[in-house]
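A.B. asks: Can you read through this structure? Questions will come right after.
In this note's numbering, the protein residues as written are 86 to 572.
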């Protein structure tokens, strides 16, 4: 929808105002937003939408488009007096980074409950510009050359890998180092701005041999100072036992060979993590074990692991991530390469024996206005006065719902690489859906990532996205890159 006043009718949209907020009366449609902040434990709160734009899109045959009905906001709920139908709802949630973008929910329910998940410690202040941690870690054994060590902050979601010889010495019984707390030396796990470590966070020291967690230490809670905070902890060894997991590399390879455009680089990996956010079907958390899988492997995974954080409620969460990548050099964007994927992923709580068969359908072809996006580099003419139809064909019908992510490709500030910027997201109950006329802009270059989702939402039939569970499976395809011209 156009953001400028007076342009709704020009682009096939009429604009009306919603009535007063209602408590899901028979004549109103509603969307209620719940925020879940994932730190050391997930915390759910009502999310205030009173300052955020939202509209219900009512089909209007007279304009070959939609009537745009502005939603009324009250607390955590948008509503409008619409006595009939299940109009799609377009919303902006306000905290997306790095790009604010719109979401469209086109579902057969009149009253939706949407979950907004963010990895954060709510209300934490920004990280201090000159902050540092003076760290002492007493170890359960002398440092071996095969070991690596890191700090991991759950809540502020940052990690730092210690450097051998600089931060510790082989043969030592302790690590003593001062680490500046900044984006140069710390990895950003959440993708959000660094925040100050507070006593609500859990700062850990982790020891690995290869990808296996073999030791862990928990620092006492502290509030980080604006200069240097001194912390100390004693590490204990992690008890491990063989896992019992089964996957099928051959089946994955066969399915990922089907989509067009074709991928040319198969990758199959798994990870087992202690996940504070497992209740929202997310495996982010300290890694317990991980490995790649080759096509010739049997798929029987029996390597050892241990979870020293289970008592905290951080469940052992297994993620099976597979993809087939392709590369396309984009002529209109400085001849820089874009890497695109198709894939099948599944996440499940570990309980032996665990078999992951990635049951979600896999999109094999995506179309826009009935034009197939089976090759990269097309020019697509779009009428700027009409809605745009998106559709997908999948290798089977085993999907709970579908999602289309529209990305704009842009050259980065340095002119050295392409970046994917989210332009629009559609959640829909069907494999064919419409988006408003202003989603695609003439002269810009896009690709569409089409998803099929299976599991994970036990109350989907009631329009309830608040409830999440495992296992959860998704298939996805990056359709052909295209540039928009006006029809």
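Quick reminder that beta carbons are idealized off the backbone N, C-alpha and C, glycines included.
For the region 403-411 and the region 286-295, state whether three or more C-beta atom pairs, one from each stretch, are separated by less than 8 Å.
C.D. replies: Touching, no, given that fewer than three Cβ pairs across the two stretches are closer than 8 Å.
A.B. asks: If you run the structure through DSSP and keep just helix, strand and coil, what is residue 409?
C.D. replies: It is a strand residue.
A.B. asks: Less than 7 Å between the C-beta atoms of residue 463 and residue 565, yes or no?
C.D. replies: Yes, the Cβ-Cβ distance between residue 463 and residue 565 is below 7 Å.
A.B. asks: Roughly how many angstroms separate the alpha carbons of residue 127 and residue 467, rounded to a whole number?
C.D. replies: Using only the alpha carbons, I get a separation of about 43 Å.
A.B. asks: Are residue 323 and residue 391 closer than 7 Å when you measure CB to CB?
C.D. replies: Yes. Within cutoff.
A.B. asks: Taking a contact to mean a Cβ-Cβ separation below 7 Å, would you say residue 245 touches residue 270 in this structure?
C.D. replies: Yes, the Cβ-Cβ distance between residue 245 and residue 270 is below 7 Å.
A.B. asks: Name the two residues that bound the continuous alpha helix (DSSP H) containing residue 341.
C.D. replies: Here the alpha helix (DSSP H) through residue 341 covers 334-341.
A.B. asks: With H, G and I counted as helix, E and B as strand and the rest as coil, what does DSSP make of residue 561?
C.D. replies: In this structure, residue 561 counts as strand in the three-state DSSP scheme.
A.B. asks: Since I believe residue 328 is in contact with residue 172 (beta carbons under 8 Å), could you give me their beta-carbon distance rounded to a whole number of angstroms?
C.D. replies: About 47 Å; that fails the 8 Å criterion.
A.B. asks: Between which two residues does the beta strand (DSSP E) harbouring residue 163 extend?
C.D. replies: Where residue 163 is concerned, the enclosing beta strand (DSSP E) stretches over 162-166.
A.B. asks: Give the straight-line distance between the Cα atoms of residue 490 and residue 427, rounded to the nearest whole angstrom.
C.D. replies: If you take the alpha carbons of residue 490 and residue 427, they lie about 13 Å apart.
A.B. asks: Who are the near neighbours of residue 107 in its chain, counting only those whose CB is closer than 8 Å to its CB and skipping five residues on each side?
C.D. replies: With a pLDDT of 37 at residue 107, under the threshold of 50, the modelled position of this residue cannot be trusted; read the value that follows with caution. 113, 115, 164, 166.
A.B. asks: Per DSSP, what kind of secondary structure is residue 282 in: helix, strand or coil?
C.D. replies: Coil, per DSSP.
A.B. asks: Apply the 10 Å Cβ neighbour rule to residue 207 and answer buried if 16 or more other Cβ atoms are within range, or exposed otherwise.
C.D. replies: Classification for residue 207: exposed.
A.B. asks: Roughly how many whole angstroms lie between the Cα atoms of residue 415 and residue 454?
C.D. replies: The straight-line gap from Cα to Cα measures roughly 22 Å.
A.B. asks: Could you tell me the boundaries of the beta strand (DSSP E) in which residue 435 lies?
C.D. replies: Premise fails: residue 435 is in no beta strand (DSSP E) and is neither H nor E.
A.B. asks: Counting only runs of 4+ residues fully inside the region 114-188, write out the alpha helix (DSSP H) ranges in chain order.
C.D. replies: The region 114-188 contains no whole alpha helix (DSSP H) run of 4 or more residues.
A.B. asks: When burial is assigned at 16 or more other CB atoms within 10 Å of the CB, is residue 358 buried or exposed?
C.D. replies: Buried is the call here.
A.B. asks: Could you tell me which residues DSSP puts in a beta bridge with residue 533?
C.D. replies: 491.
A.B. asks: Would you tell me roughly how many angstroms separate the C-alpha atoms of residue 543 and residue 507, rounded to the nearest one?
C.D. replies: Roughly 27 Å between the two C-alpha positions.
A.B. asks: Can you tell me where the beta strand (DSSP E) with residue 195 in it begins and where it stops?
C.D. replies: Segment: none, residue 195 is in no beta strand (DSSP E) and carries neither H nor E.
A.B. asks: Taking the beta strand (DSSP E) that residue 265 falls in, what are its first and last residues?
C.D. replies: Its beta strand (DSSP E) spans residues 259-265.
A.B. asks: Any idea if residue 142 is buried or exposed, counting beta-carbon neighbours within 10 angstroms, 16 or more meaning buried?
C.D. replies: That one is buried.
A.B. asks: May I have the straight-line CA-CA distance separating residue 105 from residue 155, to the nearest angstrom?
C.D. replies: Reliability fails at residue 105, whose pLDDT of 37 lies under 50, so the model's placement of it is uncertain and the value that follows must be treated cautiously. Cα-Cα distance, rounded: 11 Å.
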